[in-house]
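Okay, structure first, notes after.
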Amino acid sequence: MTEPLWRQLGAPRDVFGRVVYELARWFALAGGAVLVAISAMSVASILSRWLIGRPVLGDFELVQLGCAVSVSAFLPWCQMRRGHVLVDFFTTGLRPRARALLDGAGAALLAAVAALLTWRIALGGIGIRQAAESTMLLGVPVWIAYALMLPSFALLALTAAHTAWSEFGGAAK
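Residue numbers for the sequence shown follow our numbering, beginning at 2 and rising by one.
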């Protein structure tokens, strides 16, 4: 029995690949820490409702902002580990080279979209900061979540570009 793909994929061998791999890993760990923190806060809010009849003030605001930051932090690691959803119904009969070309094209498209999202998140964060938008109950500035998501999307663009480069290199062999 062969090992699952996620176990077969080790760290890349090239220097750039190893750097983005390690960055993606650390981003995912940070995203996990944020997820644990918002989970603990949710438990505290539920217990507070049960014990004293009042939730933690602004719990849903913190969950909303934390989930956005956490999910974006997981995306580069998911790309490096080839963990995104893949529909291979039409490509199972193709030669490995053709599949590598299609996978590379998909990764290149993801890199372009992630770069576009990085740009738009930066502009959106600047606009929200200038408008002084904040959450309703706690008054947390919303631009902070944008600023925390920005490096994740930039890293996603880099990891997807590396994946595309790797796939196209494999297709050339």
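Backbone N, C-alpha and C define an ideal beta-carbon position, used for all residues, glycine too.
Quick check on the burial criterion: 16 or more other C-beta atoms within 10 angstroms. Buried or exposed for residue i?
i, result
"residue 111", "buried"
"residue 22", "buried"
"residue 38", "exposed"
"residue 77", "buried"
Using the Cα positions of residue i and residue j, report the straight-line distance between them to the nearest angstrom.
i, j, result
"residue 138", "residue 31", "26 angstroms"
"residue 4", "residue 62", "At residue 4, the pLDDT of 49 sits below 50, so the modelled position is not reliable and the matter cannot be decided from this model."
"residue 151", "residue 122", "6 angstroms"
"residue 136", "residue 142", "7 angstroms"
"residue 20", "residue 100", "26 angstroms"
"residue 124", "residue 118", "10 angstroms"
"residue 83", "residue 55", "43 angstroms"
"residue 25", "residue 159", "10 angstroms"
"residue 18", "residue 162", "10 angstroms"
"residue 134", "residue 85", "33 angstroms"
Are the beta-carbon atoms belonging to residue i and residue j less than 9 angstroms from one another?
i, j, result
"residue 29", "residue 68", "no"
"residue 155", "residue 116", "yes"
"residue 71", "residue 57", "no"
Residue range of the alpha helix (DSSP H) that residue i falls in?
i, result
"residue 86", "Segment: none, residue 86 is in no alpha helix (DSSP H) and carries neither H nor E."
"residue 14", "No alpha helix (DSSP H) holds residue 14; DSSP gives it neither H nor E."
| request: Would you check if there are 3 or more beta carbon pairs closer than 8 angstroms linking the stretch 115 to 130 to the stretch 42 to 50? | output: no
| request: Assess, as a yes-or-no matter, whether the stretch 102 to 116 is touched by the stretch 138 to 148 under the definition of 3 or more beta carbon pairs within less than 8 angstroms. | output: no
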